[in-house]
Amino acid sequence: MLTAIILLAFCGLAFAATFAIPKTNYDSLGAEVWPRFVIAAVSFFSLIYLIESIFDKESPKTGAHGGVVGFLKKYTNAILCYVLFGLFVVLLPYIGMLLSGWMFVFLMLTVIGKRTAKSAFIHLVISVTAVAGLWTLFTFGLQVMLPEGVIF
Amino acid sequence: METIIDNVFLALPVFFDPWNILLLVGGVFVGLIVGAIPGFTVTMALILFLPFTFDLSAASGLTTMLGILVGGMSGGLVGAMLTGIPGTPAAIATTFDGFPMARKGKLGLALGLGVWASFFGGVIGSIILVVLAPTISSIGLEFGPWDYFNLIIFALTIAASLSEKRLSKGLVAAGIGLLASTVGTDPINAVPRLVMGIEPLKHGFQVLPVMVGLFAFAQLMSDVENTDRARQSIAFDSDKTIKIEHGAAIREIMKQWFNVVRSSFIGVFVGAIPAIGAQVSNILAWDQAQKSSKHPEKFRTGTPEGVVAPEAANNATGGGTLAILMALGIPGDVVTIVMLGALLIHDVVPSPSFIEEHPEIAYTVFLAFFLAHFVMVALQSVGLRVFALVAKVPMYIVAAIILFCTAIGVYIWSNSIFDIWTVFLFGLLGYTMRVLGFPVAPLILGSVLGPIAELNLNRAVSTSNDLALFITRPWALFFLTMAVFSALFPLYQKWRGKRRWTLCYTPAMYIAASLPLVLMGGWFRPMVGVLLVFFGLRALYRHHQSGWELAPTPGSADERQDVLNT
Chain A
1384 MLTAIILLAF
1394 CGLAFAATFA
1404 IPKTNYDSLG
1414 AEVWPRFVIA
1424 AVSFFSLIYL
1434 IESIFDKESP
1444 KTGAHGGVVG
1454 FLKKYTNAIL
1464 CYVLFGLFVV
1474 LLPYIGMLLS
1484 GWMFVFLMLT
1494 VIGKRTAKSA
1504 FIHLVISVTA
1514 VAGLWTLFTF
1524 GLQVMLPEGV
1534 IF
Chain B
231 METIIDNVFL
241 ALPVFFDPWN
251 ILLLVGGVFV
261 GLIVGAIPGF
271 TVTMALILFL
281 PFTFDLSAAS
291 GLTTMLGILV
301 GGMSGGLVGA
311 MLTGIPGTPA
321 AIATTFDGFP
331 MARKGKLGLA
341 LGLGVWASFF
351 GGVIGSIILV
361 VLAPTISSIG
371 LEFGPWDYFN
381 LIIFALTIAA
391 SLSEKRLSKG
401 LVAAGIGLLA
411 STVGTDPINA
421 VPRLVMGIEP
431 LKHGFQVLPV
441 MVGLFAFAQL
451 MSDVENTDRA
461 RQSIAFDSDK
471 TIKIEHGAAI
481 REIMKQWFNV
491 VRSSFIGVFV
501 GAIPAIGAQV
511 SNILAWDQAQ
521 KSSKHPEKFR
531 TGTPEGVVAP
541 EAANNATGGG
551 TLAILMALGI
561 PGDVVTIVML
571 GALLIHDVVP
581 SPSFIEEHPE
591 IAYTVFLAFF
601 LAHFVMVALQ
611 SVGLRVFALV
621 AKVPMYIVAA
631 IILFCTAIGV
641 YIWSNSIFDI
651 WTVFLFGLLG
661 YTMRVLGFPV
671 APLILGSVLG
681 PIAELNLNRA
691 VSTSNDLALF
701 ITRPWALFFL
711 TMAVFSALFP
721 LYQKWRGKRR
731 WTLCYTPAMY
741 IAASLPLVLM
751 GGWFRPMVGV
761 LLVFFGLRAL
771 YRHHQSGWEL
781 APTPGSADER
791 QDVLNT
């Protein structure tokens, strides 16, 4: 039900944003018509979804994951991977594909894999080999320009 | 027929370039490996390798993609037989008899049956593709923008069929995809839309990073969500020595040639209908094989017929889906959605006139699909050995490296870091949708078809202010009718065998579809319309005679879900 409400709110915001679309005097169908048609359709389907959610006895209720803590615990790996990937893209223009890529792969392996000294060493070797290998293949083998940072 | 043969000879020198052959072989090999890994679908394989084909010519890039497609379809049977988990949804029914056969100690025979059934099914499918596609495209030349717009609405109701649990979720997802495609500069009026002051958004969300984010990124996050499962190797029992028994398999298939041909035709027919695809054709074919077998009780225990039927059907489905894709530009299932993206990225715009205007590219695609099956048979044994090595690697290591590869792939395609952010954003969206039970495929379908729908709507309105043409033109009415029934299909599937109204679904569809056919010119289509009315009324009469008795049907959505949950 919460999802349906969020969707309807999103549709409202999107519809409001269509008023910022400039009008032209040479079009047969204005640039805002199709987006508004689509938003109306999404709103309609979201409303149906909301009604179904209200009457659906089988759907999990809010808090079924055990609150915020339970939710975070269940999706820890995915959340951390997204944060790491986001960090990777933020750092990309500054430290380049090679360094940021290696950091991303190594940290992701460390987050999900076993946290022992031996595993850390294996993860280091894998991340360096894989990232450096792919970087070398594309840069020198395929002559593709990958982002360079300040350092590398 | 002469034109077809001429076009095949026109495409031969383009296709038989040594570089294209090498790419085809590489594509099939990659497809075999990735298709075999449970959780790594054909769709993902296509998306992951698509950016790396961007610098190739259209013919070379598409040849590679088709190799991956054929390899992936066939690779799914390995996972199905070794682990009981289909590598792709198209191999669901293969687990019904393939896995039991393997557990009985006949793994080599099971794999051989799967490989050769895939081969024959694919060859039959490609022959039908070559004949069917030009025929369909000549029909497509009759379409006006009203007909095309309604055809896309019909295709978008694929969304309904792809969302097994709840229709509204699939339609919401498709709508969000349509909305995402409007972000950027309006292609007709050249004004910015929904960019929120973000300069890079003026170029819109590109198809490739959206697909990579939604399919690959989100899928990988699902794979590593559970730490224990992520730390395990990809496939169990990966120490097994695997050897395919080709001779025994071919002898067995020759005995069942009718099963192969019937299953192939089921595959092509299902593939030609938008909204279905190989994940349904393999189950339908298995079901038909069981019903027409002299020993139906042997199904699900490891009978060869139960392996041959789904594998022939799923490879033949490619012929049907490609025919519709190349002739009309409409994707028939999730895999061809990605293929459409691949075509667009290579500046190939499938349409009714495409085959006529660019026969060398169109027939290169057909030839690649045909010959990829020969390469698949040759490489399957090698692919199995490599799969056995790859299968020992824990999932989380594979996931991390592939995520890095997706970033490289998307970057080299556009030289834009913004597209990597698009992968991140749509990856987050895709994963959230999975957690909340929304299907992802309708969203990508909406984002790919949205611009085409808007273009045709614009053309229709520019040509005439009469909106009734969207209902009164025969083809427009036909597609609108099919769209209504397609949108109701998930409900029909859910209640089939449980509610009496489902007995009226198919007859009502026949009768409703007959009206626009009768309105069309000539004699053939009105005659087909009259026949549909006859079959519809006959079915209703038979149900009436039997007292509207319900009968449960195998291969339901729940059964498929049960197999995937095993």
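In order, the protein sequences belong to chains A and B. All letters in the first sequence, in the order written, are residues 1384 to 1535 by the numbering used here. All letters in the second sequence, in the order written, are residues 231 to 796 by the numbering used here. All C-beta atoms in this analysis are idealised placements derived from N, C-alpha and C, irrespective of residue type, glycine included. Being a predicted model, the structure only gives us computed values, none of them experimental.
Check, Outcome
"List the residues of chain B whose Cβ lies closer than 8 angstroms to the Cβ of F1402 of chain A, in chain order.", "Near F1402 of chain A there are no residues of chain B at all, since even the closest Cβ is about 11 angstroms away, more than 8 angstroms."
"On the three-state DSSP scale, how would you describe R755 of chain B?", "helix"
"Taking the alpha carbon of G405 of chain B as the reference point, which residue from B:A738, B:F656, B:F284 and B:S677 has its own alpha carbon closest?", "B:S677"
"On a CA-only basis, which of B:D327, B:A598, B:M426 and B:L262 is nearest P1405 of chain A? Give me that one, please.", "B:M426"
"Going along chain B, which residues have a C-beta under 7 angstroms from L1396 of chain A?", "Chain B residues near L1396 of chain A: none, gap ~10 angstroms exceeds 7 angstroms."
"Have a look at P375 of chain B and F239 of chain B and give me their C-alpha separation to the nearest angstrom.", "33 angstroms"
"What's the C-alpha gap between G1395 of chain A and A1414 of chain A?", "18 angstroms"
"What does DSSP give as the partner residues of R423 of chain B in its beta bridges?", "B:G414"
"Nearest CA to the CA of L1529 of chain A: which residue from B:I642, B:R772, B:A340 and B:L699?", "B:I642"
"Taking H588 of chain B as part of the alpha helix (DSSP H), name the residues at either end of that continuous run.", "Element bounds for H588 of chain B: n/a, residue is neither H nor E."
"Going by the DSSP bridge assignment, what does S463 of chain B pair with across the sheet?", "B:P624"
"Pick helix, strand or coil for I428 of chain B, following the three-state DSSP scheme.", "coil"
"Per DSSP, what kind of secondary structure is L1412 of chain A in: helix, strand or coil?", "coil"
"Please list the partners that E1435 of chain A has in chain B, where partner means a Cβ-to-Cβ separation under 8 angstroms.", "R396 and S398"
"So I701 of chain B is in the alpha helix (DSSP H); what residue range does that whole segment cover?", "L699 to T702"
"For A683 of chain B and M712 of chain B, I'd like the C-alpha separation in whole angstroms.", "17 angstroms"
"What is the DSSP secondary structure of A323 of chain B, counted as helix, strand or coil?", "coil"
"Need the endpoints of the alpha helix (DSSP H) that N1460 of chain A sits in, please.", "T1459 to I1495"
"Using a Cβ-Cβ distance cut-off of 8 angstroms, determine whether T711 of chain B contacts chain A.", "no"
"In chain A, which residues lie less than 7 angstroms from W651 of chain B when you measure between Cβ atoms?", "V1472"
"Using a 10 Å radius around the Cβ and a threshold of 16 neighbouring Cβ atoms, would you call V1533 of chain A buried or exposed?", "exposed"
"Tell me which residues share the same chain as V260 of chain B and place their Cβ nearer than 6 angstroms to its Cβ, disregarding the 5 neighbours each side in the sequence.", "I298"
"Quick one: which chain B residues come within Cβ less than 7 angstroms of T1386 of chain A?", "L666"
"Span of the alpha helix (DSSP H) holding D377 of chain B?", "P375 to L386"
"Quick one: using the 10 Å Cβ neighbour count with 16 as the cut-off for buried, is P248 of chain B buried or exposed?", "exposed"
"Closest Cβ-Cβ distance between M451 of chain B and chain A: below 8 angstroms?", "yes"
"Can you give me, in chain order, the residues of the region 538 to 556 of chain B that have a beta carbon less than 8 angstroms from any beta carbon in chain A?", "none"
"Do T324 of chain B and P540 of chain B have their CB atoms nearer than 8 angstroms?", "yes"
"Reducing DSSP to helix, strand and coil, say where G306 of chain B ends up.", "helix"
"Is there a Cβ from chain B that is less than 8 angstroms from the Cβ of Y1465 of chain A?", "yes"
"Sorted by chain position, which residues of the same chain lie with C-beta nearer than 7 angstroms to T1445 of chain A's C-beta, five sequence neighbours on each side aside?", "With a pLDDT of 48 at T1445 of chain A, under the threshold of 50, the predicted position of this residue should be treated as unreliable, though the coordinate-derived value follows. For T1445 of chain A, where only same-chain residues beyond five positions count, the Cβ hits under 7 angstroms are L1385."
"Between V1533 of chain A and chain B, is there a C-beta pair that is closer than 8 angstroms?", "no"
"Exposed or buried, what is K1501 of chain A when buried is set at 16 or more other beta-carbons lying within 10 Å of its beta-carbon?", "exposed"
"Figure out for me which residue from B:V665, B:A738, B:I496 and B:S522 has the closest Cα to the Cα of I358 of chain B.", "B:I496"
"If you drop the 5 nearest sequence neighbours on each side, which residues of the same chain put their C-beta closer than 8 angstroms to that of F435 of chain B?", "A410, S411, V413, G414, T652, F656 and S677"
"Just to confirm before moving on: does the CB-CB distance between A742 of chain B and L397 of chain B stay below 8 angstroms?", "no"
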